[in-house]
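Participant: This structure is in structure tokens; I'll ask about it shortly.
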Amino acid sequence: MKIIKVFNQNAVLVSDNGQDKIVTGKGIGFSKKQNDLVPRNQIEREYVATETKSKMEQLLQSIDPEYFIASEEIIDKAEEMLNTKFNEHIHSILADHIAFAIDRIRDGIIIQNKLLNEIQILYPDEFRAAEWAVNYLREKFSLDFTIDEAAYIAIHFHSASSGQSTTNKSIREVTIISAMVTTIAEELDVDFSKMSMGLNYSRLVVHLRYVVERVYQSKFHSMDDDVFQLVKTKYQRSYAVAEKVARMTKVDYGLTIPGEELGYITLHIERLSDQLGRAHN
Numbered sequence: 016m017k018i019i020k021v022f023n024q025n026a027v028l029v030s031d032n033g034q035d036k037i038v039t040g041k042g043i044g045f046s047k048k049q050n051d052l053v054p055r056n057q058i059e060r061e062y063v064a065t066e067t068k069s070k071m072e073q074l075l076q077s078i079d080p081e082y083f084i085a086s087e088e089i090i091d092k093a094e095e096m097l098n099t100k101f102n103e104h105i106h107s108i109l110a111d112h113i114a115f116a117i118d119r120i121r122d123g124i125i126i127q128n129k130l131l132n133e134i135q136i137l138y139p140d141e142f143r144a145a146e147w148a149v150n151y152l153r154e155k156f157s158l159d160f161t162i163d164e165a166a167y168i169a170i171h172f173h174s175a176s177s178g179q180s181t182t183n184k185s186i187r188e189v190t191i192i193s194a195m196v197t198t199i200a201e202e203l204d205v206d207f208s209k210m211s212m213g214l215n216y217s218r219l220v221v222h223l224r225y226v227v228e229r230v231y232q233s234k235f236h237s238m239d240d241d242v243f244q245l246v247k248t249k250y251q252r253s254y255a256v257a258e259k260v261a262r263m264t265k266v267d268y269g270l271t272i273p274g275e276e277l278g279y280i281t282l283h284i285e286r287l288s289d290q291l292g293r294a295h296n
């Protein structure tokens, strides 16, 4: 392995039989320069540089390589737990996220994730892998990572396993769903945080996710018109709530929910409302 560029004393860019790799190891770049050879027994981790090489170069020049190494350990474990292969973008994105999170926590800045409940419900497998990651980071860096951090990491896992180069789409979807849930909670005058893991609440959140996905894909649930009219008539309050949700998504997010979807949303709201009514009796 021949050195192309030294990032710092613990990380270098090398050429290995014509393939660019970023390798890390304690002291691997110490007193080294371009064209020096790297002994393989000094290498702790290696990453095959692809189209994100420039991002990785910039990242390793700005963060402690230990953060990158920790990120790679987490990626390996998460891919094993989720039985998937993440896209290449996660290597730089997650390392950067971890570096920022560690600096934040060391400065005593704890950010509450307002989408925590929704992320737990929508991406349960990714969240479990993220919980493992948070426990790993707690032990490795002796820092108090909160469960909120697991929600952020879970979004990275979901985005990387679904082919997204950023978390923007996933975060937007969860944000819209959270706003829909908040609207329903306000209309029903209920604090969902006290029942966030309830079955009917979970069903509602998951259904809203599918509604949002179908709207984006222009693939809608069809409901027989007679059934739809019956739902509107029988569950008037719940239908009014569903209509308010639809108005909110249109105004705030430019997302138009068609009438046939409102029927199904109404049924979920009614089931949840019925559960709340029984709980108060």
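Just add 15 to the spot in the sequence shown (first one is 1) and you have my numbering. From the three backbone atoms N, C-alpha and C, an ideal C-beta is built for every residue, glycine too.
Could you pull out every unbroken alpha helix (DSSP H) segment of at least 4 residues lying fully inside the stretch 223-252, listed in chain order?
Facilitator: Whole alpha helix (DSSP H) segments, 4+ residues: 240-249.
Participant: Please state whether DSSP places GLN57 in a helix, a strand or coil.
Facilitator: Of the three classes helix, strand and coil, the one that applies to GLN57 here is helix, per DSSP.
Participant: VAL205 bridges to which residues according to DSSP?
Facilitator: Partner(s): none; VAL205 has no beta bridge.
Participant: List the residues that DSSP assigns as beta-bridge partners of VAL256.
Facilitator: For VAL256, which the question treats as bridged, DSSP gives no partner whatsoever.
Participant: Quick one, which of THR271, TYR250 and THR264 has its alpha-carbon nearest GLU285's?
Facilitator: Cα-wise, what sits closest to GLU285 is TYR250.
Participant: Could you have a look at ILE272 and say whether DSSP puts it in helix, strand or coil?
Facilitator: The answer is coil: DSSP assigns ILE272 none of H, G, I, E or B.
Participant: Cβ of ARG218 within 8 Å of Cβ of ILE192?
Facilitator: No, Cβ-Cβ distance for ARG218 and ILE192 is not below 8 Å.
Participant: Starting from ILE37 and walking both ways along the beta strand (DSSP E), at which residues does that stretch end?
Facilitator: Per DSSP, ILE37 belongs to the beta strand (DSSP E) from 34-39.
Participant: What's the gap between the Cα of LYS20 and the Cα of ALA114?
Facilitator: Those two C-alpha atoms are separated by around 22 Å.
Participant: Would you mind reading off the limits of the alpha helix (DSSP H) that contains LEU158?
Facilitator: Counting along the chain, LEU158 falls outside any alpha helix (DSSP H), and DSSP gives it neither H nor E.
Participant: Is VAL149 buried or exposed, if buried means 16 or more other CB atoms sit within 10 Å of its CB?
Facilitator: Burial call: buried.
Participant: Between which residues of its own chain and LEU28 is the CB-CB distance below 6 Å, once the five residues before and five after are set aside?
Facilitator: Answer for LEU28: ILE19, LYS20 and ILE37, listed in chain order.
Participant: Let me check understanding here. Comparing Cα to Cα, which of GLU133, ILE136, SER157 and ILE162 lies closest to TRP147?
Facilitator: Comparing Cα-Cα distances from TRP147 to each of GLU133, ILE136, SER157 and ILE162, the minimum goes to ILE162.
Participant: Give the range of the alpha helix (DSSP H) segment to which PHE83 is assigned.
Facilitator: Start and end: 80-97.
Participant: Please classify GLU66: is it buried, with 16 or more other beta-carbons within 10 angstroms of its beta-carbon, or exposed?
Facilitator: Legend: pLDDT at GLU66 = 49, less than 50; position of this residue unreliable, value from coordinates given subsequently. Looking at its Cβ environment, which holds fewer than 16 other Cβ atoms inside 10 Å, GLU66 is exposed.
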